[in-house]
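Sequences listed follow chains A and B, in order.
For the record, in the first sequence the residue sitting at position 34 is 34 according to this note's numbering, with numbers rising by one throughout.
For the record, in the second sequence the residue sitting at position 182 is 182 according to this note's numbering, with numbers rising by one throughout.
Don't be surprised by glycine CBs; every beta carbon is placed ideally from N, CA and C.
Please read these numbers as outputs of a predicted model, since none were measured by experiment.
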Amino acid sequence: MEKEFDPKIVAFLCNWCSYAGADLAGVSRLQYPPNPEVIRVPCSGRVNPFYILRAIYEGIDGVWVSGCHPGDCHYQTGNYYARRRFYLIKNLLEFAGIDRERLNFSWVSASEAGKFAETAKKVTERVKKAGPIDKLVKERYLND
Amino acid sequence: MTEKIREIARRLLENGEVELVIGFEKGTIPLKSRPVFIEKPEEVEKLIWDGFCENNLATYLRRYRGRKVGIVAKGCDSRAIVNLIVEGQLNREDVYIIGVPCTGMYDRRKMIRDGKEEPSEDYLFLNCKTCPYPTPVLYDELAGEEVSPRDRDYSDVETIEKMSSDERWEWFQREFSRCIRCYACREACPMCFCEFCFVDENRPEWVEGGIHPSDLGFWNLGRAFHLAGRCVECGACERACPMELPLMVLNRKMVKDVKEIFDYEAGVSLDEKPVLGTFNPEDREDFIL
Numbered sequence: 001m002e003k004e005f006d007p008k009i010v011a012f013l014c015n016w017c018s019y020a021g022a023d024l025a026g027v028s029r030l031q032y033p034p035n036p037e038v039i040r041v042p043c044s045g046r047v048n049p050f051y052i053l054r055a056i057y058e059g060i061d062g063v064w065v066s067g068c069h070p071g072d073c074h075y076q077t078g079n080y081y082a083r084r085r086f087y088l089i090k091n092l093l094e095f096a097g098i099d100r101e102r103l104n105f106s107w108v109s110a111s112e113a114g115k116f117a118e119t120a121k122k123v124t125e126r127v128k129k130a131g132p133i134d135k136l137v138k139e140r141y142l143n144d
Numbered sequence: 001m002t003e004k005i006r007e008i009a010r011r012l013l014e015n016g017e018v019e020l021v022i023g024f025e026k027g028t029i030p031l032k033s034r035p036v037f038i039e040k041p042e043e044v045e046k047l048i049w050d051g052f053c054e055n056n057l058a059t060y061l062r063r064y065r066g067r068k069v070g071i072v073a074k075g076c077d078s079r080a081i082v083n084l085i086v087e088g089q090l091n092r093e094d095v096y097i098i099g100v101p102c103t104g105m106y107d108r109r110k111m112i113r114d115g116k117e118e119p120s121e122d123y124l125f126l127n128c129k130t131c132p133y134p135t136p137v138l139y140d141e142l143a144g145e146e147v148s149p150r151d152r153d154y155s156d157v158e159t160i161e162k163m164s165s166d167e168r169w170e171w172f173q174r175e176f177s178r179c180i181r182c183y184a185c186r187e188a189c190p191m192c193f194c195e196f197c198f199v200d201e202n203r204p205e206w207v208e209g210g211i212h213p214s215d216l217g218f219w220n221l222g223r224a225f226h227l228a229g230r231c232v233e234c235g236a237c238e239r240a241c242p243m244e245l246p247l248m249v250l251n252r253k254m255v256k257d258v259k260e261i262f263d264y265e266a267g268v269s270l271d272e273k274p275v276l277g278t279f280n281p282e283d284r285e286d287f288i289l
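Okay, structure coming up:
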């Protein structure tokens with residue numbers, strides 16, 4: 001029997017909103033897929049767009065970046081700068097043929113546990129649809 | 001035009017207004033002019049202007065920071081200078097810009113392939129054919145009559161945008177797997193001025209060495225992204241590329257998006273902040289889940 005595809009997803013969550021949102025989702029015992037592996041970052045503005053490139057290069061099936069809603073950034077403006085960068089890197093990667101379903105961006109606040117669980121489901125579905133990563137990835141990373 | 005450039009350069013050097021004039025001289029191979037650095041008034045006869053002055057001379061300016069330099073600048077060179085000033089790499093007072101209204105540069109390699117010796121409209125570089133700023137945007141003196149802007153045309157980018165993602169990937173692989181990672185594009189680019197390029201970094205190491213297609217993809221996408229919102233579409237990278245990669249397609253994609261999404265053009269105004277160095281709370285965010 002063929003095993004269902006179980007995507008590897010990297011989630012960059014900002015410390016102040018989305019990570020706290022994930023925490024609340026856990027404390028509230030909400031169900032969501034275990035695929036996103038969380039990396040806690042100080043701010044969505046800390047996410048170098050090259051992290052996204054590098055994740056794909058290392059064989060991650062999908063990337064998810066989430067931060068505070070615009071206007072709510074703990075550092076006032078970090079997510080505004082990030083928003084511009086993400087728009088462009090997303091368009092560039094899509095232009096080179098990386099499937100759009102692999103590149104996910106969202107705003108989740110510390111109180112939005114429900115939204116966090118919903119988005120985690122949505123991102124996992126999207127990446128499942130795109131299938132195992134076969135572009136830009138270096139084969140030798142795929143073994144583990 | 002050549003005479004006018006020489007006249008201005010001679011005056012600047014004789015009066016001591018600048019220490020050096022950067023311009024073009026006749027190259028040693030046909031259909032190619034090359035950059036020249038003139039320090040003495042008697043050398044100005046070397047300077048020329050023709051349809052093969054394809055380098056972007058703004059690339060050299062950072063090497064002479066703090067010295068007064070005169071530079072022969074066509075439309076795209078002047079945009080690069082503006083961008084260097086905006087990004088704090090150059091002082092406006094240090095450069096004397098001899099603006100040259102440009103009617104476009106001709107693709108030497110294509111002409112040689114077709115056995116042509118006389119330039120014609122068909123052999124203009126694509127970015128010259130669609131140049132919105134042929135007359136320099138910033139200059140101290142103009143060495144000719146203004147040239148009217150040409151229509152922008154991003155049909156090359158749009159053709160690829162219309163493909164499916166697999167077709168785009170196939171295109172990207174086909175074109176960019178020829179890359180030999182000589183970094184000539186980086187050296188020719190006036191905006192690639194990082195003291196330490198991401199591709200050379202090894203702690204953390206972004207890209208591994210070698211010419212594995214993934215490494216070539218990472219390098220070329222990374223390069224294009226670092227030029228997003230900064231590229232002035234001079235095409236110097238593509239002309240410098242020994243493997244004739246379509247580098248400008250990636251750059252033009254970013255230029256097009258920056259214009260569409262943030263309504264910004266690089267190197268046009270000294271008062272505007274670089275597009276990724278600023279933000280607007282009302283920015284489009286239709287890509288957010």
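Give me whichever residues DSSP pairs with residue i in a beta bridge.
| i | result |
| --- | --- |
| G23(B) | V36(B) |
| S106(A) | S66(A) |
| L124(B) | Y106(B) |
| A73(B) | G99(B) |
| E37(A) | V10(A) |
| E141(B) | I98(B) |
| L47(B) | E25(B) |
Should residue i and residue j be called a contact, given that it needs their Cβ atoms to be closer than 9 angstroms?
| i | j | result |
| --- | --- | --- |
| L30(A) | A113(A) | yes |
| P134(B) | S155(B) | no |
| I71(B) | L84(B) | no |
| F198(B) | F50(A) | yes |
| F193(B) | W206(B) | no |
| I160(B) | R168(B) | yes |
| G144(B) | V100(B) | yes |
| G151(A) | W171(B) | The shown model of chain A, from 1 to 144, leaves out residue 151(A), and the question about it has no answer. |
| S214(B) | V63(A) | no |
| K128(A) | F12(A) | no |
| S7(A) | N48(A) | For clarity, residue 7(A) is Pro in the given sequence; the question names Ser instead. No, the pair does not count as a contact, with Cβ atoms beyond the cut-off. |
| E25(B) | K46(B) | yes |
For residue i, report the span of its alpha helix (DSSP H) as first-last.
| i | result |
| --- | --- |
| F50(A) | 49-57 |
| R11(B) | 2-14 |
| Q89(B) | Careful: Q89(B) lies outside any alpha helix (DSSP H) and carries neither H nor E. |
| F5(A) | Neither: F5(A) is in no alpha helix (DSSP H) and is coded neither H nor E. |
| L88(A) | 78-95 |
| K115(A) | 113-130 |
| W169(B) | 165-176 |
| I18(A) | The sequence shown places Ser at residue 18(A), not Ile. Run containing S18(A): 18-27, per the alpha helix (DSSP H) assignment. |
| T159(B) | 155-161 |
| M191(B) | Neither: M191(B) is in no alpha helix (DSSP H) and is coded neither H nor E. |
Taking the alpha carbon of residue i as the reference point, which residue from the options has its own alpha carbon closest?
| i | options | result |
| --- | --- | --- |
| D99(A) | S165(B), N280(B), Y139(B) | S165(B) |
| C76(B) | G66(B), I97(B), R67(B), N91(B) | I97(B) |
| T103(B) | N251(B), E208(B), I112(B), M1(B) | M1(B) |
| G27(B) | G51(B), E170(B), S214(B) | G51(B) |
| S66(A) | C17(A), R140(A), T124(A) | C17(A) |
| Q89(B) | E260(B), V275(B), P190(B), E39(B) | P190(B) |
| E118(B) | C128(B), N127(B), Y106(B) | Y106(B) |
| R40(A) | V27(A), I133(A), Y19(A) | Y19(A) |
| E37(A) | E139(A), V123(A), L142(A), I133(A) | V123(A) |
| E54(B) | E42(B), K46(B), E187(B), K32(B) | K32(B) |
| Y123(B) | R108(B), P136(B), L12(B) | R108(B) |
So, under 8 angstroms CB-CB, residue i and residue j are touching, yes? Tell me the CB distance rounded to an integer number of Å.
| i | j | result |
| --- | --- | --- |
| E79(B) | A266(B) | A small fix is needed here, since residue 79(B) is Arg in this sequence, not Glu. Contact holds; Cβ gap of about 7 angstroms. |
| L93(A) | L289(B) | That belief does not hold up - the Cβ atoms of L93(A) and L289(B) are roughly 16 angstroms apart, past 8 angstroms. |
| H102(A) | D61(A) | Per the sequence shown, the amino acid found at residue 102(A) is Arg instead of His. About 7 angstroms separates the two Cβ atoms, so the contact holds. |
| V255(B) | V82(B) | Between V82(B) and V255(B) the Cβ distance is about 15 angstroms, and since that is not below 8 angstroms, they are no contact. |
| R181(B) | L216(B) | 7 angstroms |
| R83(A) | P70(A) | 7 angstroms |
| L57(B) | I38(B) | With 8 angstroms as the limit, L57(B) and I38(B) do not qualify as a contact, their Cβ atoms being about 12 angstroms apart. |
| V275(B) | V258(B) | 6 angstroms |
| V44(B) | R92(B) | Not a contact, Cβ separation roughly 24 angstroms. |
Would you say residue i touches the ligand ATP, meaning its beta carbon is less than 8 angstroms from a heavy atom?
| i | result |
| --- | --- |
| D286(B) | As far as ligands go, the structure on display features none, and thus does not contain the ligand ATP. |
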